[in-house]
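When we follow this note's numbering, the leftmost residue of the sequence shown carries the number 702, and every step to the right adds one.
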Amino acid sequence: MPRFHSQHTALRSRLSALAITTLDLPTLLAASGIHPSWQPAVLHLTCAFLRKTGQLPHL
702 MPRFHSQHTA LRSRLSALAI TTLDLPTLLA ASGIHPSWQP AVLHLTCAFL
752 RKTGQLPHL
């Protein structure tokens, strides 16, 4: 899943810039009740939202 990995990396970078330094995205998604099969879609949509709002550069 190279695309998933690049989005994961970009989102981590952005959240780190917001001073969220101890974030483990899979744990965060699981803790929020997101089923594992939906996690890649949630990450993709989150990155798309951040890109659209200018908070994440285009990958």
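Just so it is clear, CB atoms sit at the ideal spot from N, CA and C, and this is done for glycine as well.
Checklist entry - Roughly how many angstroms lie between the CA atoms of Ala742 and Ala718, to the nearest whole one? => result 23 Å
Next on the checklist: Quick check: the Cα distance between Asp725 and Ser738, rounded to an integer number of angstroms?
Outcome noted: 17 Å
Next on the checklist: Check for me: the alpha helix (DSSP H) holding Gln740 runs from which residue to which?
Outcome noted: Gln740 to Lys753
Next on the checklist: Quick check: the Cα distance between Ala731 and Gln740, rounded to an integer number of angstroms?
Outcome noted: 8 Å
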